[in-house]
Amino acid sequence: MTLKQSILDRETEFKKRYGIVFREGRIDLIVNRMIEKGYDVNTVSEEMVEIQRQVEEFERDFQRRTGIDLQFSEEAIHRITEILLNEDGKGVGLFLRLSKDYEYGFELIRDKTGQREFIVTRETVDDPEGYLNRMIREIYKRQSDQRLEDKE
Numbered sequence: 217m218t219l220k221q222s223i224l225d226r227e228t229e230f231k232k233r234y235g236i237v238f239r240e241g242r243i244d245l246i247v248n249r250m251i252e253k254g255y256d257v258n259t260v261s262e263e264m265v266e267i268q269r270q271v272e273e274f275e276r277d278f279q280r281r282t283g284i285d286l287q288f289s290e291e292a293i294h295r296i297t298e299i300l301l302n303e304d305g306k307g308v309g310l311f312l313r314l315s316k317d318y319e320y321g322f323e324l325i326r327d328k329t330g331q332r333e334f335i336v337t338r339e340t341v342d343d344p345e346g347y348l349n350r351m352i353r354e355i356y357k358r359q360s361d362q363r364l365e366d367k368e
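Right under this line is the structure:
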């Protein structure tokens, strides 16, 4: 039996123990981490749960500070997990960078559109500045187009 299959077979146990179900991509990360670091499945699973907790804490903290609700997609959480595992769990730097980039961009979008809920995608994690700049440009373009239509 492969490591991956062994983890899949223990899905109920992990859900009961950790309160989450590991998606296939996350299971692949668990297997790779076990092989690379020589850790047992419980150690790596606890790392995954801790990263999930950090993401949820980031969402709550961001909402408290800005009034903006962020929801990280599964792909975004997967990407954050990859980054943090490569940094051996030193996620403070990643979350500080994301917070700095997201705060200004999402607040500007909220102020222009009234939108208060956003889905954070993998792209938003990998290139927050580029993603938010594209969103902001699109908003300004739509507003400009609307003003032109209103004049006609």
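Reminder that position 4 of the sequence shown reads as 220 in the working numbering, one-by-one numbering, no gaps.
Glycine included, C-beta positions come from ideal geometry on N, C-alpha and C.
| Item | Value |
| --- | --- |
| Nearest candidate by alpha-carbon position, reference Phe157, set Thr228, Pro344, Asn302, Glu303 | The structure shown does not extend to residue 157, since the chain is modelled only from 217 to 368, so the question has no answer here. |
| As assigned by DSSP and simplified to three states, the class of Asp285 | strand |
| Pair within 8 Å by beta-carbon distance, Phe238 and Ile246 | yes |
| Nearest neighbour of Phe274, chosen from Met264, Tyr318, Gln359 [CA to CA] | Tyr318 |
| Burial state of Ser222, where buried means 16 or more other Cβ atoms lie within 10 Å | exposed |
| Of the residues Thr259, Glu263, Arg338, the one placed nearest Glu303, counting alpha carbons only | Glu263 |
| Glu240 - containing alpha helix (DSSP H), residue span | 240-253 |
| The region 274-288 in contact with the region 252-259 per 3-pair CB rule at 8 Å | no |
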